[in-house]
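At position 40 of the sequence shown (counting the first as 1) the number is 178 in the numbering used here, and the numbers step up by one without a gap. Before any comments, here is the structure.
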Amino acid sequence: MAEPTIVLSPSLDPDVLEIGRRMLPAGFDLRVVSPSDLPEATLEADYLMGFVGRIEDRTFLEAQRLKLVQLMSVGYDNFNLDGARRARVPVAVNGGANAIAVAEHAIMLMLSALRHLTEIDASMRAGEWRGGPALGVRLYEIWSSTVGIVGMGRIGQEVARRLQNWEAKLVYFDPYRLSPERERELGVAFLPLEELLGVADVVTVHVPLNEQTRHLIDARALARMKPTAVLVNTARGGLVDETALVEALRSGQIGGAGLDVFNREPTPPDNPLLQIPNTVLTPHLAGPTWQSWPRRFENCYANIARVQRGEKPEWVVPELADLV
C-alpha cells in the first residue's frame, strides 16, 4: 500500500523545509508544490499542509482522498471554507505553535510605540540628538499602565502571561469569558469591549477575522480610546478600519499604533500610515520566528497522524467543527 501523501504548499525557505523533512513521521510521503501546482496536486493528496491558498470548490469535490487541510498558520480568513464544507473536509489551524512569537512581537510593538522608538531612531540617524529636554515627545512605561487584550485565545493568553511580571493592570474582552480560576492564574480582569477601550493605555488585538469582527476597531471604537493610548494589531489587518485609524493618529485622537498587519498586503507605498511618525510598522512577520518552525511542524504532523489513525483532528476551525 502506498504511503499517504502530505502536500505542502507553498515551498518554504530551504533551511525551514529541512526541518520539515527531518521531522516527517514514518509512513508518510511529503510532496512540496508551488501554488500554481496545488490544484492538480490536491487531487492526489491525502493531506494538505502549509500556508495553503484558495482552493476552488471543484478541486475540493474531485479530491476524493483528501482527509484534512492542516494550516501552519492560525489565520484562515482567506481560505475557502464553503468549499471545504461541501466536500466535508475539515480545516485545522496550527494549535498555537506561533503564539509565543506573536505575543512577544505584540509586546515589542507596545514598547516601541510607547517610547516613540522608530521616530527617535530615524531622527538620530539623521544626525539629531534628542535626548533629555530636547526630546519633544512623551515616553511611557508599561509599568502601572492598563493593557487591554481584545481576544483571549492562545495568543492573547501568552501576552497576558508575559506581562504579569511587568506590574501592569491587565484587562481583557472575549465573547467567551475565561473561568474565574483562569482569570486569577493570568492576572486578568474581564471588561466589556467599550469599557476596555476607554480605560486602556494599550489596546492589543488578538481575534480571528470574520464577518463579525471585520472593522472591530472602527471610528467609534477609536473615539473611545485615550488620547495617549496605543493600538497594537498583530492579528489581521481587516480588524481595523485603516482610514479611521489614519484620521485618529493624525488628529491626536490616539497616541500611536504598532501594526504587523494591514488591509492590503503587501501594503502599497502610498499607504498614509507609512508617513505618520507615531507608528511602528512591520510586514506581517510576527509569527515565523526560527524557534516556531519545529512547533508548527510538530503540531501539524501530530494532527495529520491523528486522522490517519482514525481519530478526530484537533484545532478544527469553529465554522467546520461539526464535520468531526
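Backbone N, C-alpha and C define an ideal beta-carbon position, used for all residues, glycine too. All of these numbers come straight from a predicted model, not from anything done at the bench.
Notebook entry, point to check: The alpha helix (DSSP H) with Gln429 in it runs from where to where?
Noted result: By one-based count along the sequence shown, residue 429 stands at place 291. Here Gln429 belongs to no alpha helix (DSSP H), and DSSP marks it neither H nor E.
(Q) With three or more C-beta pairs closer than 8 Å as the rule, is the region 401-413 touching the region 159-175? (A) no
Checklist entry - Which residue comes first and which comes last in the alpha helix (DSSP H) that contains Asp175? => result Working through the sequence shown from its first residue, we reach residue 175 at position 37. Here Asp175 belongs to no alpha helix (DSSP H), and DSSP marks it neither H nor E.
Within this structure, are the beta carbons of Val431 and Ile157 separated by less than 8 Å? On the sequence shown, residue 431 is found 293 positions in, with the first residue counted as 1. On the sequence shown, residue 157 is found 19 positions in, with the first residue counted as 1. Strictly speaking, residue 431 in this sequence is Trp, with Val absent from that position. At a Cβ-Cβ threshold of 8 Å, Trp431 and Ile157 count as neighbours.
query = What's the C-alpha gap between Gly375 and Val207?
reply = Here residue 375 refers to the residue found at position 237 of the sequence shown. Here residue 207 refers to the residue found at position 69 of the sequence shown. Cα-Cα distance, rounded: 24 Å.
- Query: Between the Cα of Val154 and the Cα atoms of Arg315, Ala327, Asp220 and Arg433, which residue gives the shortest distance?
  - Reply: On the sequence shown, position 16 is the one that residue 154 refers to. Of the candidates Arg315, Ala327, Asp220 and Arg433, the one whose C-alpha sits nearest the C-alpha of Val154 is Arg433.
Check: Are Ala230 and Glu452 closer than 8 Å when you measure CB to CB?
Finding: Within the sequence shown, the letter at position 92 stands for residue 230. Within the sequence shown, the letter at position 314 stands for residue 452. A contact, by the Cβ cut-off of 8 Å.
| Chain-order list of residues whose beta-carbon lies under 8 Å from that of Leu458 (same chain, five-residue window excluded) | Position 320 of the sequence shown holds residue 458. Excluding sequence neighbours, Leu458 sits near Leu219, Ala222, Arg223, Pro228 and Val229.
task: Tell me the start and end of each unbroken beta strand (DSSP E) in the region 372-408 that is at least 3 residues and wholly inside, in chain order.
output: 394-397
- Message: Excluding the 5 residues flanking Asp215 on each side, which residues of the same chain have their C-beta closer than 8 Å to its C-beta?
- Response: The residue you call residue 215 lines up with position 77 of the sequence shown. Pro346, Leu347, Asn348, Arg374 and Gly376, listed in sequence order.
Next item on the list: Give the secondary structure of Thr197 by DSSP, where H, G and I count as helix, E and B as strand, and everything else as coil.
Entry: In the sequence shown, counting from the first residue as 1, residue 197 sits at position 59. Residue state, collapsed to three classes: helix.
Is it right to say Met248 is buried, meaning 16 or more other beta carbons lie within 10 angstroms of its own, or is it exposed? Along the sequence shown, one-based indexing puts residue 248 at 110. So Met248 ends up on the buried side.
- [ ] Report yes or no: do three or more beta-carbon pairs, one from the region 283-292 and one from the region 307-322, lie closer than 8 Å?
- [x] yes
Self-check item: Beta carbon of Glu182 nearer than 8 Å to that of Arg203
Solution: Position 44 of the sequence shown, counted from the first residue, corresponds to residue 182. Position 65 of the sequence shown, counted from the first residue, corresponds to residue 203. In this structure, Arg203 lies closer than 8 Å to Glu182 by Cβ.
Checklist entry - Do you know how far the Cα of Gly394 is from the Cα of Thr256? => result The count along the sequence shown starts at 1 and reaches residue 256 at position 118. The count along the sequence shown starts at 1 and reaches residue 394 at position 256. In a straight line, the C-alpha of Thr256 is about 11 Å away from that of Gly394.
Does the Cβ-Cβ distance between Val438 and Met262 come in under 8 Å?
For the purposes of this step, residue 438 is taken as residue 300 along the sequence shown, with counting starting at 1. For the purposes of this step, residue 262 is taken as residue 124 along the sequence shown, with counting starting at 1. Note on identity: in this sequence residue 438 is Cys, with Val being the wrong assignment. No, these two residues do not count as a Cβ contact at 8 Å.
So which of Asn441, Phe400, Arg169 and Pro330 has the shortest CA-CA distance to Pro421? Numbered from 1 along the sequence shown, position 283 holds the residue referred to as residue 421. Comparing Cα-Cα distances from Pro421 to each of Asn441, Phe400, Arg169 and Pro330, the minimum goes to Phe400.
Could you give the distance in angstroms between the alpha-carbon of Val378 and the alpha-carbon of Gly325?
For the purposes of this step, residue 378 is taken as the residue at position 240 of the sequence shown. For the purposes of this step, residue 325 is taken as the residue at position 187 of the sequence shown. One C-alpha to the other measures close to 27 Å.
* To do: Go to Gly158, then tell me how far its alpha helix (DSSP H) extends in each direction, as first and last residue.
  => The count along the sequence shown starts at 1 and reaches residue 158 at position 20. Run containing Gly158: Pro152 to Met161, per the alpha helix (DSSP H) assignment.
Margin query: Just to confirm, is the Cβ distance from Tyr278 to Leu301 under 8 Å?
Written below: Taking the first residue of the sequence shown as position 1, residue 278 is located at position 140. Taking the first residue of the sequence shown as position 1, residue 301 is located at position 163. Contact: no.
- Could you tell me the distance, in whole angstroms, from the CA atom of Ala241 to the CA atom of Ile293? The residue given as residue 241 occupies position 103 in the sequence shown. The residue given as residue 293 occupies position 155 in the sequence shown. Cα to Cα, Ala241 sits roughly 6 Å from Ile293.
Helix, strand or coil for Ala230 per DSSP? Along the sequence shown, one-based indexing puts residue 230 at 92. Here DSSP, grouped into helix, strand and coil, assigns Ala230 to strand.
Query raised in the report: What does DSSP give as the partner residues of Leu146 in its beta bridges?
Result: Here residue 146 is taken as the residue at index 8 of the sequence shown, counted from 1. According to DSSP, Leu146 bridges with Val170 and Met187.
(request) Could you tell me whether the Cβ atoms of Val341 and Ser283 are closer together than 8 Å? (result) The residue given as residue 341 occupies position 203 in the sequence shown. The residue given as residue 283 occupies position 145 in the sequence shown. Contact: no.
Q. Tell me the DSSP bridge mates of Ile355?
A. The residue you call residue 355 lines up with position 217 of the sequence shown. Answer by DSSP bridge pairing, in chain order: Val378.
Quick check: Ala382 and Leu360, are their CB atoms within less than 8 Å of each other?
Taking the sequence shown and counting its residues from 1, one reaches residue 382 at position 244. Taking the sequence shown and counting its residues from 1, one reaches residue 360 at position 222. Taking 8 Å as the Cβ cut-off, Ala382 and Leu360 qualify as a contacting pair.
Q) Using DSSP with H/G/I as helix, E/B as strand and the rest coil, what is Val337? A) Within the sequence shown, numbered from 1, the residue matching residue 337 stands at position 199. In the structure shown, Val337 sits in a helix (DSSP, three-state: H, G or I).
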